[in-house]
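Trainee:
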Amino acid sequence: MKKTWTRNDIIEAISDNVGLSLSDSSIIIEEIFELILSGLENGEEVKISSFGTFSVRHKKTRIGRNPKTGVEVPIKARNVVTFSSSNILKSKFK
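Each residue of the sequence shown is one higher than the one before, counting from 85 in this note's numbering.
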């Protein structure tokens, strides 16, 4: 079974690889995530070179169907975060 990386795993990896303390690594990761979130909240795309682009997409109201009962239900309009990987990232998995 493959392991899922958590925020703490990333913090520990940065601490080990760069030689920073866990608290300094945590501050850096939290700041990066906060900057990405702030950009998305402001309606901006967040592009990370050689990695990918985060963006917010608006989904309109639509009719969905309960797969068990077949009953149609309205699905409200909402905003969703999308991620598009860069070609460099995609090429790593061919």
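Just so it is clear, CB atoms sit at the ideal spot from N, CA and C, and this is done for glycine as well.
Enumerate in chain order the residues of its own chain whose CB-to-CB distance from K160 is below 7 Å, with the five nearest sequence positions on each side excluded.
Mentor: By 1-based counting over the sequence shown, the position of residue 160 is 76. Answer for K160: T145, listed in chain order.
Trainee: Measure how close the beta-carbons of N163 and H142 come, nearest whole angstrom, since I'm counting them as under 8 Å.
Mentor: To locate residue 163, count along the sequence shown from 1; it is residue 79. To locate residue 142, count along the sequence shown from 1; it is residue 58. The Cβ separation is near 5 Å, so the contact holds.
Trainee: For F167 versus G148, is the C-beta distance shorter than 7 Å?
Mentor: Residue numbering aside, residue 167 sits at position 83 when the sequence shown is read from its first letter. Residue numbering aside, residue 148 sits at position 64 when the sequence shown is read from its first letter. Their beta carbons are not under 7 Å apart, which means F167 does not touch G148 by this criterion.
Trainee: Indicate the three-state DSSP secondary structure (helix, strand or coil) for G136 in the structure shown.
Mentor: Taking the sequence shown and counting its residues from 1, the one referred to as residue 136 is at position 52. G136 falls in the strand class under three-state DSSP.
Trainee: With three or more beta-carbon pairs closer than 8 Å as the criterion, would you say the segment 107 to 124 touches the segment 88 to 99?
Mentor: Enough Cβ pairs lie closer than 8 Å, so yes.
Trainee: Could you spell out where the beta strand (DSSP E) holding E156 opens and where it closes?
Mentor: For the purposes of this step, residue 156 is taken as the residue at position 72 of the sequence shown. Per DSSP, E156 belongs to the beta strand (DSSP E) from 156 to 159.
Trainee: Mapping the DSSP letters down to three states, classify G148 as helix, strand or coil.
Mentor: Translated into the one-based positions of the sequence shown, residue 148 becomes position 64. Looking at G148 - three-state DSSP - the assignment turns out to be strand.
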